[in-house]
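From first to last, the protein sequence lines are chains W and P. Residues 496 to 642 in the numbering used here are what the first sequence lists, from first letter to last. Residues 496 to 642 in the numbering used here are what the second sequence lists, from first letter to last. This report refers to the structure that appears directly beneath it.
2 protein chains.
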Amino acid sequence: MTTDEIREAEAERLRSAGLRVTEPRLAVLAVVTGSEHLDAEAVHARVGVEHPGIPLQTVYNVLGDLSAAHLLRRIEPAGSAALYERRTGDNHHHVVCTRCGAVADVDCVVGHAPCVSPSDTSGFVVHTAEVTFWGLCTSCQQGEAAA
Amino acid sequence: MTTDEIREAEAERLRSAGLRVTEPRLAVLAVVTGSEHLDAEAVHARVGVEHPGIPLQTVYNVLGDLSAAHLLRRIEPAGSAALYERRTGDNHHHVVCTRCGAVADVDCVVGHAPCVSPSDTSGFVVHTAEVTFWGLCTSCQQGEAAA
DNA sequence: CGGGTTTTTTTGAGTCATTCAAAATAACTC
DNA sequence: GAGTTATTTTGAATGACTCAAAAAAACCCG
Numbered sequence: 496m497t498t499d500e501i502r503e504a505e506a507e508r509l510r511s512a513g514l515r516v517t518e519p520r521l522a523v524l525a526v527v528t529g530s531e532h533l534d535a536e537a538v539h540a541r542v543g544v545e546h547p548g549i550p551l552q553t554v555y556n557v558l559g560d561l562s563a564a565h566l567l568r569r570i571e572p573a574g575s576a577a578l579y580e581r582r583t584g585d586n587h588h589h590v591v592c593t594r595c596g597a598v599a600d601v602d603c604v605v606g607h608a609p610c611v612s613p614s615d616t617s618g619f620v621v622h623t624a625e626v627t628f629w630g631l632c633t634s635c636q637q638g639e640a641a642a
Numbered sequence: 496m497t498t499d500e501i502r503e504a505e506a507e508r509l510r511s512a513g514l515r516v517t518e519p520r521l522a523v524l525a526v527v528t529g530s531e532h533l534d535a536e537a538v539h540a541r542v543g544v545e546h547p548g549i550p551l552q553t554v555y556n557v558l559g560d561l562s563a564a565h566l567l568r569r570i571e572p573a574g575s576a577a578l579y580e581r582r583t584g585d586n587h588h589h590v591v592c593t594r595c596g597a598v599a600d601v602d603c604v605v606g607h608a609p610c611v612s613p614s615d616t617s618g619f620v621v622h623t624a625e626v627t628f629w630g631l632c633t634s635c636q637q638g639e640a641a642a
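In structure tokens form, the structure reads like this:
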């Protein structure tokens, strides 16, 4: 696909979500698609490379709108700012490094939500199971010995 | 157990964790033991009933120290402030109401961490799996129809 | 029990991530 | 191209904590 074709495909996704097609939205989608698990600041910084002048507030608005429309997925691991990623709808999970905060995707074995079923849920009707694995990333495993 | 015996038992737990026995700590332990999933503000409010004058900052300090000592467990569901509970070490999980934020415990089927094992962890060494179930609590299920 | 040391609490300020609101601007509809 | 509504922008405000220094209280010791 050419850059223009990708751009039009994104535009179409925005339209079918009932959202207007705007530069900030296309820019944020492009940035988040190209990377994984970025927080608002990071998205803002990367968007700024091609589109200087877009304010952080706009990035927050866009991230909020796109998440609500399920074009982005938002995760909030304990202790870090909200992170955004492009993979949506497949209910995958995450590993977070307890030392440096690095995040990686972990495929869900089951593949659809809720992939784990609780026994007694105190009357709650459960629709999703979110799994966060905590551990040490490769670089922090090495740092561990040194520290 | 009498109140005094409970108090002494808590004091002993503090000591063996290498912490000094202080009124704020005993008060916070008592409050969190009696309820489930309180945030710092709520703990502060309840501590204030018996011990007016203990500042919120002290509650934050105490909650931090007790969590570090594993006398309390801290959870941070997306979208809400950090919550504290007394059950530690059993790696149980939580259901959170997407509408009102209510939290309930969910026993872990396996019973020890990590209870769910990921397949590919991108080189991370995983030591814990934290599961958060999302759904609607009983009251919000009813409110749903009305809304 | 009283002095000394170290931890804890307290007071007070500061930060970060995020939200709220109103005005200005840009998309889409016709 | 004008009108309507969504979005962006500007600017301020908030909530939930954290940081730091001074005051106070625990614990250790003889």
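In this text, a Cβ means the ideal position worked out from N, Cα and C, and glycines have one as well. Since the model is a prediction, treat every value here as computed from it, not as a measurement.
Would you list the one or two residues that DSSP bridges to I465 (chain W)?
Any property of residue 465 (chain W) remains undetermined from this structure, which presents chain W solely from 496 to 642.
Tell me whether T517 (chain W) sits in a helix, a strand or coil according to DSSP, three-state version.
The residue labelled residue 517 (chain W) in the question sits at position 22 within the first sequence. If DSSP states are grouped into helix, strand and coil, T517 (chain W) belongs with coil.
Please go through the same chain and pick out, in chain order, the residues whose beta-carbon is closer than 6 Å to the beta-carbon of S575 (chain W), but skip the five residues on each side of it.
Here residue 575 (chain W) corresponds to residue number 80 of the first sequence, with the count starting at 1. If you ignore the 5 residues before and after S575 (chain W), its C-beta comes within less than 6 Å of the C-beta of G596, all in its own chain and listed in chain order.
Express the C-alpha separation of L551 (chain P) and T498 (chain P) in angstroms, rounding to a whole number.
Position 3 of the second sequence, counted from the first residue, corresponds to residue 498 (chain P). Position 56 of the second sequence, counted from the first residue, corresponds to residue 551 (chain P). Computed Cα separation, rounded: 25 Å.
Can you pull the chain W residues whose beta carbon is under 9 Å from the beta carbon of G630 (chain P), in chain order?
Working through the second sequence from its first residue, we reach residue 630 (chain P) at position 135. Within chain W, the residues near G630 (chain P) are P609, T616, F619, V620, V621, H622 and T623.
Taking the alpha carbon of V598 (chain W) as the point to measure from, which residue in W:C632, W:R569, W:R520 and W:L566 has its own alpha carbon closest?
Counting from 1 along the first sequence, the entry for residue 598 (chain W) is found at position 103. That would be W:C632, whose Cα lies nearest to the Cα of V598 (chain W).
Give the DSSP bridge partners of C595 (chain P), in chain order.
What you label residue 595 (chain P) is simply residue 100 of the second sequence in a count that begins at 1. DSSP, once it has assigned bridges, lists no residue as partnering C595 (chain P).
So, does the CB of E571 (chain P) fall closer than 8 Å to a CB anywhere in chain W?
In the second sequence, counting from the first residue as 1, residue 571 (chain P) sits at position 76. Chain W contact via Cβ: present.
Buried or exposed: R568 (chain W), going by 16 or more other Cβ atoms within 10 Å of its Cβ?
Within the first sequence, numbered from 1, the residue matching residue 568 (chain W) stands at position 73. Answer is buried; the Cβ neighbour count reaches 16.
With a 10 Å radius around its C-beta and 16 neighbouring C-beta atoms as the bar for buried, classify E500 (chain P) as buried or exposed.
Indexing the second sequence from 1 puts residue 500 (chain P) at position 5. By the neighbour-count definition (other C-beta atoms within 10 Å, threshold 16), E500 (chain P) is an exposed residue.
Going by Cα to Cα distance, which pick from W:E625, W:E545 and W:Q637 is closest to F619 (chain P)?
By one-based count along the second sequence, residue 619 (chain P) stands at place 124. With distances taken between Cα atoms, F619 (chain P) lies closest to W:Q637.
Between the Cα of A564 (chain W) and the Cα atoms of W:G630, W:R502 and W:S511, which residue gives the shortest distance?
Counting from 1 along the first sequence, the entry for residue 564 (chain W) is found at position 69. Checking every option, the nearest Cα to that of A564 (chain W) belongs to W:S511.
Per DSSP, what kind of secondary structure is E625 (chain P) in: helix, strand or coil?
Within the second sequence, numbered from 1, the residue matching residue 625 (chain P) stands at position 130. Taken through DSSP and simplified to helix, strand or coil, E625 (chain P) comes out as strand.
If you draw a straight line from the C-alpha of R594 (chain W) to the C-alpha of W629 (chain W), how long is it?
Along the first sequence, read from residue 1 onward, the residue named residue 594 (chain W) stands at position 99. Along the first sequence, read from residue 1 onward, the residue named residue 629 (chain W) stands at position 134. So the two alpha carbons sit approximately 10 Å from each other.
Which chain P residues are close to Q636 (chain W), counting only those with a beta carbon under 9 Å from its beta carbon?
Working through the first sequence from its first residue, we reach residue 636 (chain W) at position 141. G618, F619 and V620, listed in chain order.
Taking A535 (chain W) as the reference, which of W:T623, W:S634, W:G559 and W:V621 has the closest Cα?
To locate residue 535 (chain W), count along the first sequence from 1; it is residue 40. Residue W:G559 is the option with its Cα nearest to A535 (chain W).
Using a C-beta cutoff of 8 Å, does D602 (chain W) count as contacting chain P?
The residue labelled residue 602 (chain W) in the question sits at position 107 within the first sequence. Yes - at least one Cβ of chain P is within 8 Å of the one on D602 (chain W).
Exposed or buried, G606 (chain P), counting other C-beta atoms within 10 Å across all chains shown (16 or more means buried)?
Residue numbering aside, residue 606 (chain P) sits at position 111 when the second sequence is read from its first letter. Residue placement at G606 (chain P) is flagged as unreliable, the pLDDT there being 46, under the threshold of 50; a coordinate-derived value is accordingly withheld.
If the criterion is Cβ atoms closer than 8 Å, does the pair V601 (chain P) and T616 (chain W) meet it?
Working through the second sequence from its first residue, we reach residue 601 (chain P) at position 106. Working through the first sequence from its first residue, we reach residue 616 (chain W) at position 121. Yes, Cβ-Cβ distance for V601 (chain P) and T616 (chain W) is below 8 Å.
Quick check on this structure: which residue in W:V527, W:L509 and W:L566 has the alpha carbon closest to the alpha carbon of A537 (chain W)?
Along the first sequence, one-based indexing puts residue 537 (chain W) at 42. Nearest in C-alpha terms to A537 (chain W), of all of W:V527, W:L509 and W:L566, is W:V527.
Is it true that the CB of L509 (chain P) sits closer than 8 Å to the CB of R520 (chain P)?
Here residue 520 (chain P) refers to the residue found at position 25 of the second sequence. Here residue 509 (chain P) refers to the residue found at position 14 of the second sequence. Yes, these two residues count as a Cβ contact at 8 Å.
Between L514 (chain W) and R581 (chain W), what straight-line distance do the alpha-carbon atoms span, to the nearest angstrom?
Along the first sequence, read from residue 1 onward, the residue named residue 514 (chain W) stands at position 19. Along the first sequence, read from residue 1 onward, the residue named residue 581 (chain W) stands at position 86. For L514 (chain W) and R581 (chain W), the distance between alpha carbons rounds to 17 Å.
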